[in-house]
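A.B. asks: One structure, pasted below without further comment.
Protein chains: 2
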Amino acid sequence: LKYFEPMEHGGDVLSYKNLYDGEIIDFSSNINPLGPPARLKEYLSKSFDEVEKYPDIKYRILRENIGEYLNCEKENVVVGNGAVEIINNFIFLFKRVIIFSPAFSEYEKRAKIFNKDILKLSFSKDYRLDIDAIKTSIKEGDILVLGNPNNPTGLRIEKQELLDIYEIVLDKKAFLLLDEAFFEFCPFDYDSIDIFKKYGYERVAIIRAATKFFALPGIRFGYACTSTDMVEKCNSIGLPWSINIFADYAGRYIFRCQEYIEDSKAYIDEERRFLLEGLSQIEGIRVFPTQSNFIFIKLLKWDEDFVFDKFLKNGLLIRKCSSFFEDLDKSYIRVAIKDRNSNTKLLNSFKELESV
Amino acid sequence: LKYFEPMEHGGDVLSYKNLYDGEIIDFSSNINPLGPPARLKEYLSKSFDEVEKYPDIKYRILRENIGEYLNCEKENVVVGNGAVEIINNFIFLFKRVIIFSPAFSEYEKRAKIFNKDILKLSFSKDYRLDIDAIKTSIKEGDILVLGNPNNPTGLRIEKQELLDIYEIVLDKKAFLLLDEAFFEFCPFDYDSIDIFKKYGYERVAIIRAATKFFALPGIRFGYACTSTDMVEKCNSIGLPWSINIFADYAGRYIFRCQEYIEDSKAYIDEERRFLLEGLSQIEGIRVFPTQSNFIFIKLLKWDEDFVFDKFLKNGLLIRKCSSFFEDLDKSYIRVAIKDRNSNTKLLNSFKELESV
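In the order they appear, the protein sequences are chains A and B.
Oh and the first sequence: position 186 is 262 in this note's numbering, straight run, nothing missing.
Oh and the second sequence: position 41 is 117 in this note's numbering, straight run, nothing missing.
Following this line, the structure appears as structure tokens:
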């Protein structure tokens with residue numbers, strides 16, 4: 077029997093609630109601070125009459141809605157119980173998994189569980205991709221998994237880099253899995269789904285999710301755009317009905333909330349500026365640039381445990397990176413961008429830290 | 077890249093709705109005809125405020141509720157996105173999978189997807205287990221998967237048979253996975269969860285589900301009782317947060333509905349008698365005995381396609397068995413036990429058939 081250590085994940089406020097007398101502000105999970113779209117709950121209650129039926133095993137209406145939102149055909153859409161199920165299924169389908177480290181822990185975890193060969197490549201000092209390393213090492217049957225933006229580092233792949241990587245992937249008959257779970261938070265640069273449309277999404281899949289941007293981690297709903305061939309493969313190995321009727325209904329609603337989507341982007345943009353500006357004045361930390369709704373920070377004077385405990389005393393839960401990202405030592409933390417009031421509290425806690 | 081043909085599943089009324097002008101009665105999926113517990117929907121709406129949080133990754137409250145219902149410790153409980161996710165995870169953990177055929181198609185499908193060795197054993201003519209065949213063939217590292225009651229045949233394993241099988245499994249250091257998704261529908265004979273308690277659920281897991289008995293296929297919620305060791309193993313390979321907040325809340329509610337549970341059992345008991353009595357008078361079919369809420373039928377004069385099409389013209393969707401159960405030819409169908417009005421319509425369709 078194989079056995080794997082469960083890794084910690086963010087958002088586990090429950091495990092810490094006895095350590096602070098009050099409401100903990102969760103900077104460890106990267107959720108849209110505006111919360112879910114208004115009236116979603118009203119719409120969800122319409123699904124109550126369908127709990128006694130199986131969800132549509134082909135998720136026809138849901139995939140049509142996703143296709144409209146993503147501007148791709150519904151035949152190119154796969155859905156999953158959170159982005160993580162889609163990541164799991166794609167990784168399962170290939171022989172070797174190439175990842176950059178640090179990245180979302182589930183890439184490596186799922187690869188290990190399926191006993192895949194794993195090749196870990198290193199980022200440059202600024203956490204940019206090493207395209208030469210990809211070119212040298214990638215081969216037929218590999219799946220290259222890239223966070224775009226990457227978690228926890230926060231940077232998008234540049235458009236020309238992405239095109240170069242795709243050319244390599246096509247040339248080597250490998251596969252490119254782009255995890256774009258944070259896409260909508262980023263200032264618009266390009267849309268991979270548009271870029272790869274003319275290729276029929278050959279050897280590429282782009283994952284998005286409702287979890288982060290639509291603030292719905294309780295719903296478990298991810299989706300991806302890929303070739304019709306890969307859609308079929310994913311469906312043939314995936315569990316039937318992995319999305320329940322509530323997630324199905326949520327997906328039929330959220331993409332139409334145009335105003336909410338625009339407001340959220342503007343809000344994050346402003347708070348990102350505010351928080352980056354404030355953090356730039358804190359001594360004893362190195363703040364990495366980010367296009368995302370989270371900020372990756374190197375602690376120059378303390379370790380993550382010290383800072384974690386100190387912030388928790390102020391009711392702030394931050395992400396210690398060493399237990400989430402295998403190749404990081406104890407000098408890194410990650411914080412989400414939240415509402416102005418919370419962000420101010422975070423900055424104040426950093427200021428307290430300076431005087432330690 | 078591996079590729080597997082998606083198999084059909086029941087409950088896919090959508091695919092047939094253009095073939096009948098009216099509401100189709102779905103005899104293909106085996107759901108409690110009383111529908112979900114009253115007031116569940118009211119309770120579910122309380123979960124709306126939690127869509128913006130991750131579900132508890134350890135499902136503490138939910139597992140406590142399940143433990144109380146099953147009369148086992150919460151530490152012995154695993155949860156899954158439908159029983160099928162639990163089946164999937166257990167099968168993944170073993171080298172070889174032993175199944176009897178015909179059985180729920182996902183046992184074999186998941187085993188094939190994970191490239192497991194598969195040993196298929198045959199039932200006796202009356203669809204009883206062949207314990208000698210188990211004893212001769214089972215070895216260390218095997219997982220024996222048994223439906224209890226089995227689907228589509230409908231019979232429970234007798235208590236002494238079960239004890240004999242368990243002794244063999246322990247002796248050979250194998251593992252016994254009991255799929256009891258239909259347990260509550262059966263007249264009470266014994267409770268595996270009580271029987272195996274004194275063994276600490278060593279080398280055994282008992283799967284139950286909300287889908288069938290609590291009429292909640294739209295919710296996707298299964299659970300199982302096993303050793304604490306296996307609970308850890310399942311959690312370490314399973315996807316995080318695979319149960320969303322609605323399924324979590326449903327699970328906190330349904331087990332307390334004592335009256336609903338008793339009423340449902342009595343209702344099915346009565347309708348089972350009614351339908352079996354009626355079917356026994358139909359010529360041209362062989363009706364197998366059942367303890368479940370579904371009935372397995374051999375067609376002596378027609379094939380499944382003919383009967384399927386004929387019944388669909390009357391607005392009744394039945395289960396053709398050959399496409400769901402690999403080793404059955406086209407002479408078998410399965411029908412669910414539903415409400416009196418629907419059951420009467422079913423009997424009338426069978427009577428029409430007699431005159432063909």
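For every residue, glycine included, the Cβ atom is placed at its ideal position computed from N, Cα and C.
1. For L195 (chain A), collect the residues of the same chain with a Cβ closer than 8 Å to its Cβ; drop the 5 residues on either side in sequence, then sort them by chain order.
2. Flag this pair as touching only if the region 402 to 409 of chain B and the region 378 to 388 of chain B have three or more C-beta atom pairs under 8 Å; answer yes or no.
3. Taking the C-alpha atoms as reference points, what is the distance between C301 (chain B) and L146 (chain B)?
4. Under 9 Å, CB to CB, which of the residues in the region 97 to 114 of chain A have a partner in chain B?
5. Taking the C-alpha atoms as reference points, what is the distance between Y354 (chain A) and I344 (chain A)?
6. Counting contacts by CB-CB distance shorter than 9 Å, is R410 (chain A) in contact with chain B?
7. Is it buried or exposed for V432 (chain A), if we count other Cβ within 10 angstroms and need 16 for buried?
8. On a Cα-Cα basis, can you pick out the residue from B:Y299, B:D415, B:S398 and B:I394 that is closest to E346 (chain B)?
9. Of all the CB atoms in chain A, is at least one closer than 9 Å to the CB of R136 (chain B)?
10. Using only the alpha-carbon positions, how far apart do R232 (chain A) and D97 (chain B) sit?
11. Beta-carbon separation of V245 (chain B) and R279 (chain B) under 9 Å?
12. Please classify C301 (chain B): does DSSP put it in a helix, a strand, or coil?
13. Hey, N157 (chain B) and S318 (chain B) are a contact pair by Cβ (cut 8 Å); roughly how many whole angstroms apart?
14. Between the C-alpha atoms of Q334 (chain B) and N320 (chain B), what's the straight-line distance to the nearest angstrom?
15. Relative to the C-alpha of S399 (chain A), which residue among A:T366, A:K93, A:S104 and A:D255 is closest?
16. Run down chain B in chain order and give the residues with a C-beta less than 8 Å from the C-beta of L456 (chain A).
17. Report the three-state DSSP secondary structure of F124 (chain A) (helix, strand or coil).
18. Helix, strand or coil for N417 (chain A), going by three-state DSSP, please let me know.
19. Please list, in chain order, the residues of the region 309 to 323 of chain B that have any C-beta partner in chain A closer than 7 Å.
20. Pick out whichever of B:S123, B:I241 and B:G276 has its Cα sitting closest to the Cα of A250 (chain B).
21. By the three-class DSSP mapping on this structure, what secondary structure does A257 (chain A) have?
22. Which residues in chain B sit within 7 Å of R296 (chain A), going by Cβ to Cβ distance?
23. Helix or strand or just coil, what does DSSP make of D385 (chain A)?
24. Taking 9 Å as the threshold (beta carbon to beta carbon), is R204 (chain B) in contact with chain A?
25. To the nearest angstrom, how far is the alpha carbon of K426 (chain B) from that of Y119 (chain A)?
26. Starting from the beta carbon of K117 (chain B), find every residue of chain A whose beta carbon is closer than 7 Å, and list them in chain order.
27. Just list the residues that DSSP pairs D132 (chain B) with in beta bridges.
28. Report the three-state DSSP secondary structure of R410 (chain A) (helix, strand or coil).
29. List the residues of chain A whose Cβ lies closer than 8 Å to the Cβ of E151 (chain B), in chain order.
30. Tell me the start and end of each unbroken alpha helix (DSSP H) in the region 266 to 348 of chain B that is at least 4 residues and wholly inside, in chain order.
31. Bridge partners for I371 (chain A) per DSSP, in chain order?
32. Run down chain B in chain order and give the residues with a C-beta less than 7 Å from the C-beta of D132 (chain A).
33. Between which two residues does the beta strand (DSSP E) containing L220 (chain B) stretch?
34. Can you have a look at Y275 (chain A) and say buried or exposed, based on whether 16 or more other CB atoms are within 10 angstroms of its CB?
35. Go ahead and pull the three-state DSSP assignment for I174 (chain B).
36. Just to make sure I have the definition right: I need the residues of chain B whose C-beta is within less than 7 Å of the C-beta of F161 (chain A). Which are they?
C.D. replies: Reading from the atomic positions:
1. R172, V173, I174, I175, S213 and D218
2. yes
3. 8 Å
4. D102, S105, I107, N108, G111 and P112
5. According to the sequence provided, residue 354 (chain A) is Gly. The question's Tyr does not apply to it. Those two C-alpha atoms are separated by around 15 Å.
6. no
7. exposed
8. B:D415
9. yes
10. 52 Å
11. yes
12. strand
13. 4 Å
14. 24 Å
15. A:S104
16. The question about residue 456 (chain A) has no answer, for chain A in this structure spans 77 to 432.
17. helix
18. helix
19. K309, N311, S312, I313, L315, P316, W317, S318, N320, I321, F322 and A323
20. B:I241
21. coil
22. W317 and N320
23. helix
24. no
25. The residue you asked about is not Lys; residue 426 (chain B) is Phe in the sequence shown. F426 (chain B) and Y119 (chain A): Cα-Cα distance of roughly 42 Å.
26. F124
27. DSSP, once it has assigned bridges, lists no residue as partnering D132 (chain B).
28. strand
29. The premise fails here: E151 (chain B) is roughly 15 Å from chain A at the closest Cβ pair, so nothing lies under 8 Å.
30. 268 to 271, 304 to 313 and 321 to 329
31. A:V411
32. L90
33. D218 to G223
34. exposed
35. strand
36. Looking at the sequence itself, residue 161 (chain A) is Glu, so the reference to Phe does not match. Those are L315, listed as they occur along chain B.
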